[in-house]
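Chains as they are written, first to last, in my numbering: chain S, 35 to 175; chain E, 32 to 175. One structure below.
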């Protein structure tokens, strides 16, 4: 196993434990946050605040570097344009998120917890990604 | 707006959020990659050569998180109200939407906002407002 595989595994593990601890992996809690007009649970705003509070200074420090600590190329997105796919994709995702209470990370974690409904959601999500891939496949010359 | 103080869990939310931020920082500093779950999964489906290993490893980490947790404590509740048909529809929307919009809650919401990316700010505003609107329609207009 390569060093970069171990580090990715560790990052995924910490990420997953964070999702569990924060309540993000629980659709009931996510929907409680998205329900502004009902009995509102503001917890998930603090999840974002906690995550960005830690990540922002690190991203700031990494700016301008071109290699990671393990010598990998540092791949930061460079695009700054606001285009139609960004807006429409975001809206479609938000509708699905509001219907089920799952976004991609929590769906994987809940799948790991053995929840049958999460497995069904995850399979449908992967199918959706596959459909996107098929529709966007570069045309064969 | 009424706040549900009984459901409010500020400390575990902040601490869990900090772990998510730490994991994103780890993947950036060690692997040079953005911790965007939809992008990581999408790259597995597209299969770019030489790109599969770290993506699988990260996904495996997410999957075994609950097992590791179980070694020390009972799992926190995971309650899924939606029925199977709704879950399939929602899953398809999340899969297509996150790939079309180049990211989800992690890639745009955490990493993108931490990079102060204007694209990610717009994407985050889009999926948050669509999420708020959808729950409003489902719970308060349709009365489900």
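Where is the CB? At the ideal position from N, CA and C, for every residue including glycine.
Inset, instruction - Would you list the residues sitting across from residue 101(S) in a DSSP beta bridge? - result: Counting from 1 along the first chain, the entry for residue 101(S) is found at position 67. Answer by DSSP bridge pairing, in chain order: 107(S).
Inset, instruction - Classify residue 60(S) as buried or exposed, calling it buried when 16 or more other Cβ atoms lie within 10 Å of its own Cβ. - result: If you number the first chain from 1, residue 60(S) lands on position 26. Result: buried.
Legend entry - Host alpha helix (DSSP H) of residue 36(E) (start-end): Your numbering for residue 36(E) matches position 5 in the second chain. For residue 36(E), there is no enclosing alpha helix (DSSP H), as DSSP marks it with neither H nor E.
Inset, instruction - Give the DSSP-derived three-state secondary structure of residue 175(S) in the structure shown. - result: Position 141 of the first chain, counting from 1, holds the residue named residue 175(S). Unreliable positioning characterises residue 175(S) in this predicted model, as indicated by a pLDDT of 43, which lies under 50. The coordinate reading is nonetheless provided below. In the structure shown, residue 175(S) sits in coil (DSSP, three-state: anything other than H, G, I, E or B).
Inset, instruction - In angstroms with no decimal places, state the Cα-to-Cα distance between residue 157(S) and residue 123(E). - result: In the first chain, counting from the first residue as 1, residue 157(S) sits at position 123. In the second chain, counting from the first residue as 1, residue 123(E) sits at position 92. In this structure, the CA atom of residue 157(S) is about 9 Å from the CA atom of residue 123(E).
Inset, instruction - Taking only beta-carbon positions, decide if residue 87(S) is within less than 8 Å of chain E. - result: Mapped onto the first chain, residue 87(S) falls at position 53. At least one chain E Cβ lies under 8 Å of residue 87(S).
Legend entry - Element boundaries [alpha helix (DSSP H), containing residue 67(E)]: Indexing the second chain from 1 puts residue 67(E) at position 36. Neither: residue 67(E) is in no alpha helix (DSSP H) and is coded neither H nor E.
Legend entry - For residue 96(E) and residue 154(S), believed in contact at Cβ under 8 Å, the rounded distance: Here the question's residue 154(S) lines up with position 120 in the first chain. Here the question's residue 96(E) lines up with position 65 in the second chain. Not confirmed; about 20 Å, so no contact.
Legend entry - Within 8 Å, strictly: CB atoms of residue 132(E) and residue 140(S): To locate residue 132(E), count along the second chain from 1; it is residue 101. To locate residue 140(S), count along the first chain from 1; it is residue 106. Result no, Cβ atoms of residue 132(E) and residue 140(S) do not sit closer than 8 Å.
Legend entry - chain S contact residues for residue 178(E), given Cβ-Cβ distances below 9 Å: A question about residue 178(E) goes unanswered here, because the residues of chain E that appear run from 32 up to 175.
Legend entry - Within chain S, the residues that residue 112(E) reaches when beta carbons sit closer than 8 Å: Residue mapping note: residue 112(E) aligns to position 81 of the second chain, counting from 1. Result: 61, 62, 65 and 135.
Inset, instruction - Compute the beta-carbon to beta-carbon distance between residue 54(S) and residue 149(E), rounded to the nearest angstrom, for a pair I have assumed lies under 8 Å. - result: Stepping through the first chain from its first residue, residue 54(S) is reached at position 20. Stepping through the second chain from its first residue, residue 149(E) is reached at position 118. That belief does not hold up - the Cβ atoms of residue 54(S) and residue 149(E) are roughly 31 Å apart, past 8 Å.
Inset, instruction - Look at the Cβ atom of residue 170(E), then the Cβ atom of residue 69(S), and state whether they are nearer than 8 Å. - result: Taking the second chain and counting its residues from 1, one reaches residue 170(E) at position 139. Taking the first chain and counting its residues from 1, one reaches residue 69(S) at position 35. Closer than 8 Å, so yes.
Inset, instruction - Buried or exposed for residue 149(S), please, with buried defined as at least 16 other CB atoms from any protein chain shown within 10 angstroms of its CB. - result: Within the first chain, the letter at position 115 stands for residue 149(S). It counts as buried.
Legend entry - Residue closest to residue 98(E), alpha-carbon to alpha-carbon, out of 96(S), 86(S) and 47(S): Within the second chain, numbered from 1, the residue matching residue 98(E) stands at position 67. Nearest option by C-alpha distance: 47(S).
Inset, instruction - Please report the Cβ distance between residue 76(E) and residue 137(E), rounded to the nearest whole angstrom; I am assuming they are in contact, meaning their Cβ atoms lie under 8 Å. - result: Locating residue 76(E) in the second chain gives position 45, where the first residue counts as 1. Locating residue 137(E) in the second chain gives position 106, where the first residue counts as 1. The pair is not a contact, with the Cβ atoms about 17 Å apart (cut-off 8 Å).
Legend entry - Inside the stretch 55–113 of chain E only - alpha helix (DSSP H) runs reaching at least 4 residues: Unbroken alpha helix (DSSP H) runs of no fewer than 4 residues, entirely contained in the stretch 55–113 of chain E, are found at 68–77 and 83–103, following chain order.
Legend entry - Per-residue DSSP class, three states only, for residue 154(E): In the second chain, counting from the first residue as 1, residue 154(E) sits at position 123. Note: residue 154(E) maps to helix in three-state DSSP.
Legend entry - Extent of the continuous alpha helix (DSSP H) to which residue 167(S) belongs: In the first chain, the residue the question calls residue 167(S) occupies position 133. Residues 150–169.
Inset, instruction - Just confirm the distance between the C-beta atoms of residue 133(S) and residue 117(E), as a whole number of angstroms; I'd bet it's less than 8 Å. - result: Numbered from its first residue, the first chain carries residue 133(S) at position 99. Numbered from its first residue, the second chain carries residue 117(E) at position 86. That belief holds up - the Cβ atoms of residue 133(S) and residue 117(E) are roughly 6 Å apart, short of 8 Å.
Inset, instruction - Taking only beta-carbon positions, decide if residue 194(E) is within less than 8 Å of chain S. - result: Nothing can be reported for residue 194(E): it is not among the residues displayed for chain E, which extend from 32 to 175.
Inset, instruction - Could you name the residues of the stretch 37–51 of chain E whose beta carbon sits closer than 7 Å to any beta carbon of chain S, in the order they occur along the chain? - result: Listed by position, the residues of the stretch 37–51 of chain E near chain S (Cβ gap below 7 Å) are 38, 39, 40, 41, 43, 44, 45, 46, 47, 48, 49, 50 and 51.
Inset, instruction - Compute the Euclidean distance between the alpha carbons of residue 71(E) and residue 86(E), then round it to the nearest angstrom. - result: Reading the second chain from its first residue, position 40 is the one you call residue 71(E). Reading the second chain from its first residue, position 55 is the one you call residue 86(E). Computed Cα separation, rounded: 6 Å.
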